[in-house]
Amino acid sequence: MVQYNFKRITVVPPGKDFIDIILSRTQRQTPTVVHKGYAISRIRQFYMRKVKYTQSNFYEKLSTVIDDFPRLDDIHPFYGDLLHVLYNKDHYKLALGQINTARNIIAKIAKDYLRLLKYGDSLYRCKCLKVAALGRRMCTVIKRISPSLAYLEQIRQHMARLPSIDPNTRTLLICGYPNVGKSSFMNKITRADVDVQPYAFTTKSLFVGHADYKYLRYQVIDTPGILDRPFEDRNIIEMCSITALAHLRAAVLFFLDISGSCGYSIAQQAALFHSIKSLFMNKPLVIVCNKTDLQPLENLSEEDMKLVMEMKAEAMKTIGHGGEANEEGVLLTMSTLTENGVMAVKNAACERLLDQRVEIKMKSKKINDCLNRFHVAMPKPRDNKERPPCIPQAVLDARASADAAKEKKKLERKLEKDLENENGGAGVYSASLKKHYLLADDEWKEDILPEILDGHNVADFLDPDILQRCEELEREEGLRLEEEAAQEAFQIDGHELTEEQREILGQIRKKKALLIQEHRMKKRTAESRPIVPRKFDKDRTFTTDRMGRQLSSMGFDPSAAMDRARSRSRGRKRERSLSRAASDGDDMDIDGQQSSKKLRALSRSRSRSKSRPPEEVVPGEGFKDSAQKKKAIKKAKDSVRNRNKEARRGEADRVIPTLKPKHLQDEQAISDSAQLLVITGFR
């Protein structure tokens, strides 16, 4: 079970955002309106509430930050030293201490200003005290600790990416020089995906995976490579491995690259082993000789073999606890490339760790309390009589019938449903459609036929007569096209028709010719032609003289048409007055001797007399006749009569909402406004 989950630490906002969050919350959660007409006690309470609420929010936020971050003295020594290696515990404690100091300072500021607000004698003085407390004192304190907040946020982000390591569970710890195969071994025995590259220090931090052995879950930790150099010269990456070796109760797997492909000789690796062997005390130690596919252990030189044996002897000394030294499982060989011996190494390490944990528990003081609760009963025979197990006959009959049903089912033909249940169920089993093929040999049914072979389509070469068949298809296609062309070119010539059919055919052709001629005449008329604007008629080809000549050639009198065209080309007022005066023949004689003034008066009177009555139906209004329109107008007037009588607002009226500002509802404000009007002379 994981004891520490650093992913739950609350986000630490920057200093500016911290201030914005607190002040906006104060603005939203406290009253915002106060008047100088209020009693002074009410004004004091208004501003005291704002100061108290702001201080409580600052206190709560800062307390959350302090409580969420772990205290290095209270957590497991492994995590304490790991955080010290990664972040320097002095800087870490200093940042948290500054947050705690700021929390206390803000509480003291609020206490002082609340005491001053109790004696505020005006709205202005209370407001100034509130501004000084919130803006000039509390916010200034938060701005000063902004670097500490930013530092803690960076630590929080990095701690959230740390692996979840349980220091008290069963653990396998892999260590050794860089590039000796530690990460490859971890990827083989767990489902972890650690990056593996052919260069040193690919692994730069601790990685965790999990493996099972004898129904127990084991925690596997891959550590970065360690170099043989003084403790003071080791960097942060190496110190992570040293911290895990020093504080975790685990079975240690020290990896040796006996092939030398990692870039370090066996002598250098042995020197590293002897320099850190103090960290292996009281822990099961397994020396793993890796990369045996490149260099078997038996082919090593005498010097290298002697170094390996010395390391094995040192590993035997670390077993301890008074138990007998067992050489089995101390020195093992494997190859992560060929996976030869990988599972044997994992099983040996897990077995040695399990034996040590059981031995420690057996030697503890609690074992006596546990053993007192156990009692193993060993029955003794009371006589020499044989007492075989008694199985009821009904059970035997049921077993026999079940076996018979199984045999009968085997003889029956299996359905696809049965095959599906036997081979993994739906989604796993896929029915084969090839088993029903009728072939000369049943073994050919499941053969895979390639579609493309050597750049050619295999289907083109399955039929030996493919070329002959293609020619036949092309010949058949040509004949079909010729028949279609002949049918399209076929015309009725009338040789095979009867006399009655010929008459009908003649009438159809005559009617068709008339329709074509009528269509052509419509296309030639001026009505079907588009009107050409004057700006495009630069050559003055479309004139009234030309129209008159064309009408005269056709035998029509062009005068009326020419007058109508000329009148339309003039202004709108001229067309209305003269055309309607000319159309009215009741004792109206307009000549050039009358004055223009009379003509204008006459045109106005004629225009009024010839205006359209409201009940006249205009095309497009949707009325059937004038009676229906008159009825609709009457209904429209009736619908608005009552509303117009009461002077109510209608849909088309302009809407100006009636505003009632607060100063118009306050009697004191109304009296003040009246006095102001009297003073200024408007009343």
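Just so we're aligned, residue -16 is where the sequence shown starts under the numbering used here, counting upward by one.
Glycine included, each C-beta is placed from N, C-alpha and C at the ideal position.
For my contact list, residue i and residue j are in at a C-beta cut-off of 8 Å; report their separation, rounded to the angstrom.
i	j	result
Arg153	Leu199	6 Å
Val271	Leu239	7 Å
Val441	Leu450	Going by Cβ atoms, the distance from Val441 to Leu450 rounds to 16 Å, so no, they are not a contact pair.
Met326	Thr275	About 15 Å; that fails the 8 Å criterion.
Thr9	Tyr36	5 Å
Ile138	Lys187	About 18 Å; that fails the 8 Å criterion.
Ala183	Pro161	4 Å
Arg335	Pro267	4 Å
Ile204	Ile241	About 23 Å separates the two Cβ atoms, so there is no contact after all.
Lys171	Thr319	6 Å
Leu608	Val601	Reading off the sequence, residue 608 comes out as Asp, not Leu. Contact doesn't hold; Cβ gap of about 12 Å is too wide.
Cys373	Tyr201	In fact, because the Cβ distance is near 45 Å, the residues do not count as touching under 8 Å.
Ordered along the chain, which non-local residues of its own chain (more than five positions away) have a Cβ less than 7 Å from that of residue i?
i	result
Ile729	Outside the displayed range of the chain (-16 to 666) lies residue 729, so it cannot be described from this structure.
Phe669	The chain is shown only over -16 to 666; residue 669 falls outside these bounds and no answer can be derived.
Pro60	His230
Lys19	Leu106
Leu277	Ser242, Ser244
With distances taken from CA atoms, which of the options is nearest residue i?
i	options	result
Asp149	Tyr(-13), Pro371, Met545, Leu354	Tyr(-13)
Ile209	Tyr196, Ala115, Gln202, Leu189	Leu189
Glu429	Gly438, Asp437, His419	His419
Leu155	Ala543, Val328, Asp425	Val328
Ile92	Gln10, Leu77, Val114, Tyr75	Val114
Lys223	Leu69, Asn330, Asp546, Lys389	This sequence places Cys at residue 223; Lys is not what is there. It is Leu69 whose Cα lies nearest to the Cα of Cys223.
Ser147	Phe168, Asp380, His193	His193
Lys76	Asp56, Ala331, Leu416, Tyr182	Asp56
Met142	Glu454, Pro53, Cys333	Pro53
Thr526	Phe539, Arg463, Met537, Asp546	Asp546
Glu285	Ala250, Val269, Asn404, Ala469	Ala250
Tyr62	Asn151, Gly605, Gly118, Asn40	Asn151
Met31	Cys111, Lys72, Leu422, Asp51	Cys111
Arg120	Ser105, Ala90, Cys109	Ala90
Can you find the residues in the same chain that come closer than 6 Å, C-beta to C-beta, to residue i, ignoring five residues on each side of it along the sequence?
i	result
Glu136	Val(-5)
Ile225	none
Ile122	Looking at the sequence provided, one finds Cys at residue 122 rather than Ile. For Cys122, where only same-chain residues beyond five positions count, the Cβ hits under 6 Å are Ile2.
Asp446	none
Ile653	Annotation note: pLDDT 49 at Ile653 (below 50); position unreliable, no value reported.
Leu117	Thr37
Asp51	Ile(-8), Thr(-7)
Asp548	Per the sequence presented here, residue 548 reads as Ala, with Asp not at that position. Cβ within range, chain order: Thr527.
Leu95	Inspection of the sequence shows that residue 95 is occupied by Asp rather than by Leu. Once the five neighbours on either side are set aside, Asp95 has no close Cβ partner at all.
Leu65	Thr226
Excluding five sequence neighbours on each side, which residues of the same chain lie with their C-beta closer than 8 Å to the C-beta of residue i?
i	result
Ile88	Val124
Ser535	Pro541
Glu459	none
Asn330	Tyr196
Tell me whether residue i is buried or exposed, calling it buried when 16 or more other Cβ atoms sit within 10 Å of its Cβ.
i	result
Phe1	buried
Gly438	exposed
Lys165	buried
Leu107	Note that residue 107 is Tyr in the sequence shown here, rather than Leu. Label assigned to Tyr107: exposed.
Pro169	According to the sequence as given, residue 169 is Met; it is not Pro. The residue in question, Met169, is buried, as its Cβ has 16 or more Cβ neighbours within 10 Å.
Pro(-3)	exposed
Met345	exposed
Arg(-9)	exposed
Ile622	Here the sequence assigns Ser to residue 622, which means Ile is not the residue at that position. Ser622 should be labelled exposed.
Asp380	exposed
Gln500	exposed
Ile26	buried
Phe263	buried
Pro207	buried
Val670	Past the boundaries of the shown model lies residue 670; the chain is included only from -16 to 666, so the question cannot be answered.
Ser167	buried
Val378	exposed
Lys33	buried
Measure from the C-beta of residue i to each C-beta in chain C and report whether the shortest distance is under 8 Å.
i	result
Thr319	Reference to chain C is not applicable here, since this structure consists of a single protein chain.
Margin query: Any contact between the stretch 171 to 189 and the stretch 352 to 361? By contact I mean 3 or more CB pairs, one from each, below 8 Å.
Written below: no
Margin query: Measuring CB atoms only, is the stretch -1 to 9 touching the stretch 69 to 84, in the sense that at least three cross pairs come out at less than 8 Å?
Written below: no
Note to self: Does the stretch 250 to 261 come into contact with the stretch 287 to 303, if we say contact requires no fewer than three beta-carbon pairs (one atom in each stretch) closer than 8 Å?
What the structure shows: These segments touch.
Checklist line | Segment contact, 8 Å Cβ cut-off, at least three pairs: the stretch 236 to 255 with the stretch 99 to 109 | finding: A contact between stretches requires three or more CB pairs, one per stretch, nearer than 8 Å, and the stretch 236 to 255 fails this requirement with the stretch 99 to 109.
Checklist line | Three CB pairs or more closer than 8 Å across the stretch 325 to 340 and the stretch 217 to 236 | finding: yes
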